[in-house]
Each structure stands twice: as structure tokens, then as C-alpha cells.
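Heads up: the structure comes next, in C-alpha cells.
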Amino acid sequence: MKEIFAIFQKELKTSYYSLIAYIVIGLFTAIAGYFFFSQLSYFVEMAFREMMMAQQYRMQPRPMNVNLMLVRPFFGVLATISLFFLPIITMRLYSEEKRLGTVELLYTTPVTPMQIIIGKFLSGVALYIVLLIPSMFFQILLFVYGDPEFWPIFSGYLGLILMGSAFISIGLFISTTTENQIISAIGGFALLLILWVIGFSASFVGPTLGSVLSYVSIINHFEDFSQGVIDTSHIAYYLLFISVGIYFSTKMIES
């Protein structure tokens, strides 16, 4: 554990002094904020129209579901933004070691390849959680001015962290295959995009293959989380996905 923590700490310190980390955090927050407040404006407009219509016809206004109309779509936005930004986070996790020639120095330390990969993986997850923190303040506004349900918000962030961790394990694997960070980012994004859209083709093939494609799709397992449903099968899927990514990353640097 001590060796893993040392790698984890080193990677976080590198991110702390990296300009690109701050650019990613800033852009992620700005894009998430834009979509949140756009959705919030639409929700307020719909609520106002409903109230005016109710007054016109002398009836009770229909209740507006904050979780259905605002919280759930926002988690879909965060998941989509993560698809584009996480390959940028993972592109340097191992590629930079190759580019700077510090791989050999890393191997001279008393750490195993598995410890190196786990330490780098955990640092990527930690940075992703930092990316998500500003969006949590947007949710706090809903509790200040509205009455959303807590559980769907909690499960939504749990799902994002699990899905993001799966993204990071794939991006880390791609990062171990090249010293070029741009190639690492593009390769990571391409593979994640395939795993994202593969479920869309499930309805165009037979039922057996369709169910397989639907299960493999990385976004399909997130949808229940965004609705407030924590299904252990989805948790198991992401944990298995993460384990496979870490395993292949370890084998890649051992070869």
C-alpha cells in the first residue's frame, strides 16, 4: 500500500503543477455549468407556463418533477462531457513516463508493475472526482431553492465515478501502448466511443447478439444510476471493467 500511495501522491503532485489539469477543470466546469443553467432556465419557464395556465383555467398547477426534468438530464450531460475529457486526463498517465525516459528510473524503485498501474489509476480517479466537485455545487442550488430527491443525486454521482473509473482504466491501458500523448488521447477516446455507441446497434441485430452488445455498452449500465437505482449488477460490470483495464495495463508494461 505504501508503494501505491507513493505513486498516487507523485501523480497528483504532477497534476497540481500541470497547466493542462487546470484547463481541463475549467472547461469541464464551464460546459457543465452552461448546460445546467440552460436546463434550469427551461425548467423555470415550463413551471411558469404551467402556473399561468392553471390560473387561467382556475385549476391546480401540475407538479413539476425536478429530478425527472433537471437532475436526470444533467447527469446525462456530465457523462457525455466525461467521454470527451477523461482521455485528456489519462493520455499522460504512462505516456509521459515513456516520453521523458523515466520508465527505467521507475523500474529501479522497489515497486511492482501492478502497484505502478494502481497508483496511476487512483490518481486519475481522484482528479476526475475533483472535476465533478463544482457540478455538485450546482445540485446544492436545487436544494436551496427547490425540493429534489437526494437519492437519485447520490446514485447519479456514484454511477459517474464508477463509469469514469472504467473510462480511466481504458485510457490508462492505451497510455501504456505509446509515448505520444496525442495518440494516447485519440486512441482512448476512439475506444471509449466504440464502447459507448455499441449498444445503439443492439436493436438492429438478433436478440442474442443484441443482448450481448447491450450488456457490453458502457453507457447502458449508467442509466439506472441516473434514475436513482443502484443495481449490484451494474456495479459488478464496472468493477470487472476496471479490473480488466488494470490487468491489461499491467501486462503491457511487463512485456
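In my numbering, the protein residues as written are 203 to 457.
Where a beta carbon is used, it is the ideal one built from N, C-alpha and C, also for glycine.
| task | Under 6 angstroms Cβ to Cβ from P336, same chain only, skipping five residues before and after it: list those, please. | result | Only T231 meet the Cβ criterion.
| said: Am I right that L285 and W398 are in contact with their C-beta atoms under 8 angstroms? What's the rounded C-beta distance? | reply: The Cβ separation is near 6 angstroms, so the contact holds.
| query | How many angstroms separate the CA atom of T410 from the CA atom of F443? | reply | 21 angstroms
| query | Can you tell me the Cα-Cα spacing of K228 and K453, whole angstroms? | reply | A quick correction: the sequence has Gly, not Lys, at residue 228. Computed Cα separation, rounded: 34 angstroms.
| query | If you check the beta carbons only, do S297 and T216 fall under 7 angstroms apart? | reply | no
| task | For the segment 412-448, list the alpha helix (DSSP H) runs that are entirely contained and at least 4 residues long, ordered along the chain. | result | 425-428
| query | To the nearest angstrom, how far is it from the Cα of I421 to the Cα of M365? | reply | Their backbone Cα atoms lie some 8 angstroms apart in a straight line.
| For N267, is the classification buried or exposed, using 16 other Cβ atoms within 10 angstroms of its Cβ as the cut-off for buried? | exposed
| said: Taking the straight line between their C-alpha atoms, what separation do you get for L329 and L272? | reply: 26 angstroms
| said: Can you list, in chain order, the residues of its chain with a C-beta nearer than 6 angstroms to that of F412? Leave out the 5 residues immediately preceding and following it. | reply: A small correction: the amino acid at residue 412 is Gly; Phe does not occupy that position in the sequence shown. Hits under 6 angstroms: A404.
| message | Among the candidates V418, Y440, Q341 and S377, whose CA atom is the shortest distance from the CA of F450? | response | S377
| request: Could you check how far apart the C-beta atoms of S371 and G278 are, in whole angstroms? I think they sit under 8 angstroms. | output: Going by Cβ atoms, the distance from S371 to G278 rounds to 22 angstroms, so no, they are not a contact pair.
| task | Jot down the residue ranges of each uninterrupted alpha helix (DSSP H) in the segment 291-362, minimum 4 residues, whole runs only, in chain order. | result | Within the segment 291-362, the complete alpha helix (DSSP H) runs of at least 4 residues are 297-302, 305-309 and 315-347.
| S220 in three-state terms, based on DSSP | coil
| task | Give the straight-line distance between the Cα atoms of I233 and S367, rounded to the nearest whole angstrom. | result | Rounded to whole angstroms, I233 and S367 show a C-alpha spacing of 21 angstroms.
| task | Just the C-alpha distance for L360 and E299, rounded to the nearest angstrom, thanks. | result | 31 angstroms
| Which one of L415, F340, V226 and G373 has the shortest CA to CA distance from S386? | G373
| query | Helix, strand or coil: which one does DSSP assign to V399? | reply | In the structure shown, V399 falls within a helical segment according to DSSP collapsed to helix, strand and coil.
| query | Excluding the five sequence neighbours on either side, which residues of its own chain have a C-beta within less than 6 angstroms of the C-beta of F237, listed in chain order? | reply | V279
| message | For F323 and R251, I'd like the C-alpha separation in whole angstroms. | response | Using only the alpha carbons, I get a separation of about 48 angstroms.
| said: Any heavy atom of the ligand ATP closer than 6 angstroms to the beta-carbon of L343? | reply: As for the ligand ATP, it is missing from this structure, which has no ligand bound.
| message | Using the Cβ count rule (16 or more neighbours within 10 Å means buried), how would you classify S325? | response | Within 10 angstroms of the beta-carbon of S325 lie 16 or more other beta-carbons, which makes it buried.
| Given R294, which residues of its chain have a CB within under 6 angstroms of its CB, disregarding the five upstream and five downstream residues? | Closer than 6 angstroms at Cβ, skipping near neighbours: Q383.
| query | For G373, does the three-state DSSP call read helix, strand or coil? | reply | helix
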